[in-house]
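Worksheet for the structure shown next.
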Amino acid sequence: MMLIPRRNFDIFEDVFEDSFFNMDTKKIMKTDIKEHDDHFELLVDLPGFDKDNIKISLEDGYLTIEAKTNTNKEEKDKQGKFVRQERYLGECSRTFFVGNDITEEDIKANYVNGTLNIDIPKLEKHKEISNKKYIEIK
Numbered sequence: 016m017m018l019i020p021r022r023n024f025d026i027f028e029d030v031f032e033d034s035f036f037n038m039d040t041k042k043i044m045k046t047d048i049k050e051h052d053d054h055f056e057l058l059v060d061l062p063g064f065d066k067d068n069i070k071i072s073l074e075d076g077y078l079t080i081e082a083k084t085n086t087n088k089e090e091k092d093k094q095g096k097f098v099r100q101e102r103y104l105g106e107c108s109r110t111f112f113v114g115n116d117i118t119e120e121d122i123k124a125n126y127v128n129g130t131l132n133i134d135i136p137k138l139e140k141h142k143e144i145s146n147k148k149y150i151e152i153k
């Protein structure tokens, strides 16, 4: 018995599902953002990633999530040859603007069952005091 992936013979599906057209679709971290009364919650799908290979950074008001999978070509070659490989291997990242007033101490994150959960608090908007003076138009 041979293990051969089932193929549909739809020419449009064959063309547009080709990896050339969908290079970025596998790399996107699918993210849901929920708004609560006092915080925002980001739910990022990262199945197959090890927690130690996920990094979250904050710089100039931008929250960046980076993830990578560790693969060793020599180990794969010893275990057999892939006939088809659909799981994503490599690095990916997403960036979200969270505001300049948020600090890394404000952000809480955990990773369970392939989902990264990030809580970002809502901060009160500071009323800016303006020194702007208006000139009357006569």
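Under my numbering, the sequence shown has 114 at position 99, and the numbering climbs by one with no breaks. We treat Cβ as the ideally placed atom computed from N, Cα and C, and that holds for glycine.
Contact check, residue i vs residue j, beta carbons under 8 Å
{"i": "I71", "j": "I133", "result": "yes"}
{"i": "K83", "j": "E106", "result": "yes"}
Length of the line joining the Cα atoms of residue i and residue j
{"i": "D47", "j": "K96", "result": "36 Å"}
{"i": "L131", "j": "V98", "result": "31 Å"}
{"i": "K49", "j": "Q94", "result": "42 Å"}
Closest by C-alpha distance to residue i, when choosing among the options
{"i": "N128", "options": "L61, R109, T110 and D52", "result": "L61"}
{"i": "M44", "options": "L78, R99, S108 and E139", "result": "S108"}
{"i": "I122", "options": "F64, Q94 and Y77", "result": "Y77"}
{"i": "L138", "options": "N125, A124 and N115", "result": "N115"}
Closer than 7 Å: residue i CB and nearest the ligand MN heavy atom
{"i": "A82", "result": "This structure does not include the ligand MN; it has no bound ligands of any sort."}
Exposure label - residue i; buried when at least 16 CB within 10 Å
{"i": "F64", "result": "buried"}
{"i": "K41", "result": "For K41, the predicted model reports a pLDDT of 49, less than 50, meaning its position is unreliable and no value from the coordinates is stated."}
Counting only runs of 3+ residues fully inside the segment 39-105, write out the beta strand (DSSP E) ranges in chain order. 46-50, 54-60, 69-74 and 77-83
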